[in-house]
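Engineer: Residue numbers (the UniProt record's numbering): 1 to 503. Glycine included, each C-beta is placed from N, C-alpha and C at the ideal position. One structure is given below, represented as structure tokens, and several questions about it will come after.
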Amino acid sequence: MTLQAERVDEVVAALRTVLADDQILTSKTDRFNRARVPAPFPVHRWAERVPDLAVLPTSTEQVAGVLRIANDLRIPVVPRDGGTGLTDGAVPLHGGILLDVKRMNRIKELDLDNRTVTVGTGINMLKLNEELARHGLFYPDDPASYPCSLVGGRIGTSGWSLIGSRYGHTRDLVLSFDHVLPTGEVLHVGDGIGHKISKSSSGYQLKHLFMGHQGTLGVATEATLKLYPKPEAELSPFWAFDDYDDAYRCVGALARAGVATFAGAVLFDEWKVAYLRRDDEAYIPQPGDVRALVCAVMYGYEDEVRPAGRRLFRIAKEHGARYLGDEISEGDWAARHDRYATPLHGRTKDGQVVPMSWHCEDAAVNYTNLPSLSRAWHEIVAGLRRQTDVFDDWGMFAYTSADTGVDYLTEIDVGIWEQQLDDRAWELWVRAKRDIAAVALAHQGSISACHGSCRAGEVDLVPDELGRGFDVMLDLKRTLDPHNIMNPGKYLLDRAYETGERP
Ligand SMILES: Cc1cc2nc3c(=O)[nH]c(=O)nc-3n(C[C@H](O)[C@H](O)[C@H](O)COP(=O)(O)OP(=O)(O)OC[C@H]3O[C@@H](n4cnc5c(N)ncnc54)[C@H](O)[C@@H]3O)c2cc1C
Numbered sequence: 001m002t003l004q005a006e007r008v009d010e011v012v013a014a015l016r017t018v019l020a021d022d023q024i025l026t027s028k029t030d031r032f033n034r035a036r037v038p039a040p041f042p043v044h045r046w047a048e049r050v051p052d053l054a055v056l057p058t059s060t061e062q063v064a065g066v067l068r069i070a071n072d073l074r075i076p077v078v079p080r081d082g083g084t085g086l087t088d089g090a091v092p093l094h095g096g097i098l099l100d101v102k103r104m105n106r107i108k109e110l111d112l113d114n115r116t117v118t119v120g121t122g123i124n125m126l127k128l129n130e131e132l133a134r135h136g137l138f139y140p141d142d143p144a145s146y147p148c149s150l151v152g153g154r155i156g157t158s159g160w161s162l163i164g165s166r167y168g169h170t171r172d173l174v175l176s177f178d179h180v181l182p183t184g185e186v187l188h189v190g191d192g193i194g195h196k197i198s199k200s201s202s203g204y205q206l207k208h209l210f211m212g213h214q215g216t217l218g219v220a221t222e223a224t225l226k227l228y229p230k231p232e233a234e235l236s237p238f239w240a241f242d243d244y245d246d247a248y249r250c251v252g253a254l255a256r257a258g259v260a261t262f263a264g265a266v267l268f269d270e271w272k273v274a275y276l277r278r279d280d281e282a283y284i285p286q287p288g289d290v291r292a293l294v295c296a297v298m299y300g301y302e303d304e305v306r307p308a309g310r311r312l313f314r315i316a317k318e319h320g321a322r323y324l325g326d327e328i329s330e331g332d333w334a335a336r337h338d339r340y341a342t343p344l345h346g347r348t349k350d351g352q353v354v355p356m357s358w359h360c361e362d363a364a365v366n367y368t369n370l371p372s373l374s375r376a377w378h379e380i381v382a383g384l385r386r387q388t389d390v391f392d393d394w395g396m397f398a399y400t401s402a403d404t405g406v407d408y409l410t411e412i413d414v415g416i417w418e419q420q421l422d423d424r425a426w427e428l429w430v431r432a433k434r435d436i437a438a439v440a441l442a443h444q445g446s447i448s449a450c451h452g453s454c455r456a457g458e459v460d461l462v463p464d465e466l467g468r469g470f471d472v473m474l475d476l477k478r479t480l481d482p483h484n485i486m487n488p489g490k491y492l493l494d495r496a497y498e499t500g501e502r503p
């Protein structure tokens, strides 16, 4: 909390001109509940990240009204959807108003002929797909956080989908949206002036500018999404390998095969298999000699998925894969949304079981750089473990991002004993995050394929990754948000307001 009580009263009085009383929340519970995100943070410092008040608007007009008031009064505003982001995007660093989008969760229009749906950005993909299923349709944005992240957060992070190799990611699936600028002005971004155009060459491609900005450029309020027929068939074979190298060669061959129904492939390294076997509640027992795994996923009609599956099975066999059977394959793929959402435990150096929270560092990297990046990341986490019992290495996944196998979202999962995360351990972690990001850049990758890169540690390297592009970000931020009210403190964007010449 950063505002004086009288200032909070002034803001609440102003907000009452656009919101009803029950849309303005000031109690400690309401504020603390909206400060928490899944990425571990020292427990003794949680109070640093609490908003002064929260609002629950129900329309674009109300969001515009809130931002106009905040802009006039120079009060920070942080948009929050599901609050599942892993780079602290929805965490208020300077107090102010937390704008919770969850009540804007209605389906506004279902256009069966043009295959689109228009929704409030507070809607959850699980709920949306339950409704769409009645029409034989689905919206294929499928993150592991599918049951708990919302459309607005997907836009705010420019999310990554597990089945994106077939259907694309959030940026491809959101056709257009209403966006409220920090000054309270409303614009519609997308291709063309209509809401349902998928390709236009007219002017700047503003849709992409207003995605992945982590709430620093305004609030997406209503979005029009692309729809697909609900797939008749899903095939998700899991194959076992004696070592990582064979699994790596196999995943590359599968991804490069150009099979149209191929929706993605996942490589589990030795650390990941060992962790799942040791500590994962959802683990379905696999033979003890399994050291690395590959899963490939296909979606489509029965009569295209089955023959395509035969081709992928042939490729896997040529690379020494052993099929693990239908139960493991179907069960493990079905667990993709649950794996890290439940209470978890990990191990200290001497094998003691302790409660741990999950954290995930992600990067985008080319296929050829995966093995070397993986070795370097495991070494960083091993270095942490040599110094403290707070961290555990839960292994790595590498997922295809595109349909050609060019680049992978690769993640290292780290168990963190959050209750023991004191200031020293937090400093070690921030340094390790910086090192993890540096390794991604040294491998010609991007710091984040998925979550964004504005958390302590990684954020320091964003100017290195973007080069001159970072200066353009600063210029855009200053122009669109003259008083730095939108999510201040994120992405080093406060530099846009420092006086004097930038170097
Ligand atoms: C178990 C688990 C698994 C995950 N798996 C994946 C995965 O597979 N793929 C993936 O991409 N991510 C994944 N994530 C991360 C997270 O779910 C995504 O980043 C997701 O897109 C965040 O959505 P949210 O609704 O929770 O957004 P929030 O966390 O509420 O917000 C995320 C960011 O967007 C901004 N924002 C929120 N709403 C708006 C809006 N309406 N307009 C503008 N900005 C806004 C916020 O200020 C914040 O900076 C996972 C997280 C967890 C906990």
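#1: To the nearest angstrom, report how far apart VAL12 and ALA20 are at their CA atoms.
#2: State the start and end residues of the unbroken beta strand (DSSP E) segment that holds ARG347.
#3: Quick one: residues in its chain with C-beta nearer than 6 angstroms to the C-beta of ALA425, no 5 flanking neighbours on either side, listed in chain order?
#4: Report all residues from its chain with a CB closer than 6 angstroms to the CB of residue 581; omit the five preceding and five following residues, and keep chain order.
#5: Here's the rule: buried if 16 or more other CB atoms are within 10 angstroms of the residue's CB, otherwise exposed. What is PRO503?
#6: Can LYS104 and ILE155 be called in contact, C-beta distance under 8 angstroms?
#7: Inspect the beta-carbon positions of ALA239 and VAL297 and report whether they are closer than 8 angstroms.
#8: Do LEU217 and MET486 have their beta-carbon atoms positioned less than 8 angstroms apart in this structure?
#9: Quick check on the DSSP output: what are the complete beta strand (DSSP E) runs of length 3 or more inside the segment 146-209, in order along the chain?
#10: Look up ILE412 in the DSSP assignment and say whether it is helix, strand or coil.
#11: Buried or exposed for SER401, please, with buried defined as at least 16 other CB atoms from any protein chain shown within 10 angstroms of its CB.
#12: Can you find a heavy atom of ligand 1 that lies under 7 angstroms from the Cβ of residue 550?
#13: Tell me whether LEU492, by its Cβ, gets closer than 7 angstroms to a heavy atom of ligand 1.
#14: DSSP three-state label for ASP72, please.
#15: Can you give the beta carbon distance from GLY325 to ASP246, rounded, assuming they're within the 8 angstroms contact cut?
#16: On the DSSP letters alone, give me the boundaries of the beta strand (DSSP E) that PRO79 sits inside.
#17: Under three-state DSSP, which class holds GLY489?
#18: Would you check whether ligand 1 has a heavy atom nearer than 7 angstroms to the C-beta of TYR139?
#19: For residue 506 and ASP471, I'd like the C-alpha separation in whole angstroms.
#20: Would you say ARG31 and PRO57 are within 8 angstroms of each other, going by their C-beta atoms?
Structural biologist: Taking the structure as given:
#1: 11 angstroms
#2: 344-347
#3: THR388 and VAL390
#4: The structure shown does not extend to residue 581, since the chain is modelled only from 1 through 503, so no value can be given for it.
#5: In this prediction, PRO503 scores a pLDDT of 45, lower than 50, which makes its location untrustworthy; the coordinate-derived value is nonetheless stated afterwards. Exposed, because fewer than 16 other Cβ atoms sit within 10 Å of the Cβ of PRO503.
#6: At residue 104 the sequence reads Met, which differs from the Lys that was named. Contact flag unset, no.
#7: First, the residue type needs correcting, since residue 239 is Trp and not Ala in the sequence shown. In this structure, VAL297 does not lie closer than 8 angstroms to TRP239 by Cβ.
#8: yes
#9: 174-180 and 186-190
#10: strand
#11: buried
#12: Outside the shown range of the chain (1 to 503) lies residue 550, about which nothing can therefore be said.
#13: no
#14: helix
#15: Going by Cβ atoms, the distance from GLY325 to ASP246 rounds to 19 angstroms, so no, they are not a contact pair.
#16: 77-80
#17: coil
#18: no
#19: Only positions 1 to 503 of the chain appear in this structure, which leaves residue 506 out of reach.
#20: no
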